[in-house]
Amino acid sequence: MDRNVRITAKEYGEWWAQYDLSGLAPGQEPSEELKTIAAECDVIICSTMPRAIETAAKIVGDATRIVPRDAIFVEAPLPAPPIPFLKLNPTMWGRVSRVFWFLGFAPNGMESHLAARRRVKRVIGRLVEYAERGEDVLLAAHGYLNWMIDGEIRRMGWQRVQHHGGNDFWSFRAYRMPARRTQSTKEALTAE
């Protein structure tokens with residue numbers, strides 16, 4: 011999708027909807043490092059959005075591996091802000107939209123910032139389930155959601171052991187579960 015156009019907020023809403031439906035741009039390829047990491051993972055999961063599905067397929071590179079898809083892993087929304095007349099490029103509109111969203115703007119039943127934070131906790135719960143079974147899991151998801159996961163999972167005591175590429179396309183982060191987590195979680199689960 012062209013990010014060099016100047017569009018209104020309303021047009022940005024349409025642009026973002028098309029972006030959500032689009033897949034990877036031609037020629038986009040993961041690094042060999044990311045492919046190696048994926049090859050060592052027991053479980054590969056992704057969102058239901060085309061670009062996440064295509065990302066998972068490219069990093070797995072083996073059509074026989076199952077890649078479960080789940081809408082819980084979709085990107086946090088970017089609602090077009092209620093600003094008439096102003097024209098910005100999609101990158102700037104994304105920043106403005108995120109600020110409005112942080113401040114509570116979530117029109118037409120769109121997921122709010124608070125609801126997205128709750129969803130991130132459920133996402134992490136899924137990741138923890140795999141880790142507690144001793145499985146290495148790779149999640150192919152979206153930039154801002156991944157950033158939200160990063161902050162929350164580290165607050166939970168997980169150690170980020172690798173971070174490559176910032177928050178750009180094909181970037182990745184790796185985490186290690188705290189050594190005592192497995193036992194304390196099992197105790198908490200049996201206490202419920």
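The working numbering puts the first residue of the sequence shown at 11, with every later residue one more than the last. Each residue gets a CB set at the ideal place from its N, CA and C atoms; glycine is no exception. All values reported here derive from a predicted model rather than from experimental measurement.
Here's a check: name, in chain order, each residue in its chain whose Cβ is nearer than 8 Å to the Cβ of P87, leaving out the five neighbours to either side. For the purposes of this step, residue 87 is identified with residue 77 of the sequence shown, where counting begins at 1. Around P87: W111, A116, M120, E121, A126.
List the residues that DSSP assigns as beta-bridge partners of A184. Here the question's residue 184 lines up with position 174 in the sequence shown. For A184, which the question treats as bridged, DSSP gives the partners Q172.
Apply the 10 Å Cβ neighbour rule to T58 and answer buried if 16 or more other Cβ atoms are within range, or exposed otherwise. The residue labelled residue 58 in the question sits at position 48 within the sequence shown. Burial call: exposed.
Please report the residue range of the alpha helix (DSSP H) in which V130 lies. By 1-based counting over the sequence shown, the position of residue 130 is 120. Looking at the DSSP string, the run of the alpha helix (DSSP H) that includes V130 is 123-142.
To which residues does DSSP link I55 through a beta bridge? Walking along the sequence shown from the start, residue 55 turns up at place 45. For I55, which the question treats as bridged, DSSP gives the partners L149.
Contact between the segment 34-42 and the segment 123-138: three or more CB pairs below 8 Å? no
Of all the options R108, P89, N14, E21, which has the alpha carbon lying nearest to the alpha carbon of N118? The residue given as residue 118 occupies position 108 in the sequence shown. Among R108, P89, N14, E21, the Cα nearest to that of N118 is on P89.
Span of the alpha helix (DSSP H) around F110: As a working mapping, residue 110 is identified with position 100 in the sequence shown. Run containing F110: 100-112, per the alpha helix (DSSP H) assignment.
Given a threshold of 16 other Cβ atoms within 10 Å of its Cβ, counted over all protein chains shown, does I76 qualify as buried or as exposed? Against the sequence shown, residue 76 aligns to sequence position 66. Exposed, by the Cβ-count rule.
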